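If you're matching them up, the sequences are chains R and D in order.
If you're matching positions, the first sequence starts at 778 in the numbering used here and goes up one per residue.
If you're matching positions, the second sequence starts at 778 in the numbering used here and goes up one per residue.
Number of protein chains: 2
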Amino acid sequence: MDAMILHAADAVKKDLGGGTAREVLAHTEQMMIVRVSFLRDAVGSIHTHPHCQSTYILSGRFRFNVDGRDVEVGPGDTLSFPSGMPHGTLCLEEGQLLDIFTPRRDDFL
Amino acid sequence: MDAMILHAADAVKKDLGGGTAREVLAHTEQMMIVRVSFLRDAVGSIHTHPHCQSTYILSGRFRFNVDGRDVEVGPGDTLSFPSGMPHGTLCLEEGQLLDIFTPRRDDFL
């Protein structure tokens, strides 16, 4: 399997509606980095997926709900949760998240 | 398995010498986020590990060598490479990387 190197200028931003947009960044079959932009009050509805997820808050403020627990996070804060755990977020101040998945989100390609 | 949520203020910075320092951020058994700080001219020697790795450049400039190929990267650039692939970096301008591993780097705990 090859390495993937993606320069920021080559990332493609996909408008998801509702004040959110997604950029799929470097990935292999085992792992994928995704940057998600949120306008204030935009919502990532509570959902689950079979992928394990970690999230790094790049900017802004967010209220996450992870497995029924509310937590407010800002720049440099991180979350990590296992496969199948319900999670969602409300953007309190415009910002960006890095979501990292293992394995790759083939549904994002 | 539980979720892990780590606020930036609770991260512990470990000086690795040679102008580098590591903060282990949120992780589960399947995935770990690690922030690595580099002073200019600091080196991450070429090495391998059985974990798959993705890297997001938070700040600064770096020359990576991945599988024998040189590439210069800066903020927002990303790399992703499979288990066992040789890689290393030279810091060209002081900055920080996010390294994400699957599975977790138990050797960092």
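All residues carry an ideal CB built from backbone N, CA and C; glycine is no exception.
Given the structure is predicted, the values throughout are model-derived calculations rather than measurements.
Interface with chain R (8 Å Cβ-Cβ cutoff): Ser814/D is excluded.
DSSP lists Thr855/D as the bridge partner or partners of Leu783/R. Not a single C-beta of chain D is nearer than 8 Å to the C-beta of Ala798/R. Gly845/D sits exposed, since fewer than 16 C-beta atoms from the chains shown fall within 10 Å of its C-beta.
With contacts defined as CB atoms closer than 8 Å, Val789/R and Glu800/R qualify as a contacting pair. In the structure shown, the three-state DSSP call for Asp884/D is helix. Between the alpha carbons of Ala798/D and Ala785/D lies a distance of about 15 Å.
Selection Met781/D, Gly794/D, Arg812/D, Gly796/D evaluated against Leu874/D yields Arg812/D as nearest (Cα-Cα). DSSP, reduced to helix, strand and coil, places Ala819/D outside both helices and strands of the structure shown, so it counts as coil. If you draw a straight line from the Cα of Val848/D to the Cα of Leu802/R, it is about 16 Å long. Counted as a single uninterrupted DSSP element, the stretch harbouring Gly795/D is not any beta strand (DSSP E), since DSSP gives it neither H nor E.
Closest in C-alpha terms to Thr832/R, from the list Leu869/R, Asp884/R, Leu793/R, Gly865/R, comes Gly865/R.
Around Thr879/R, the same chain offers Gln807, Met808, His828, Cys829 as residues with beta carbons nearer than 7 Å, after the five sequence neighbours per side are excluded.
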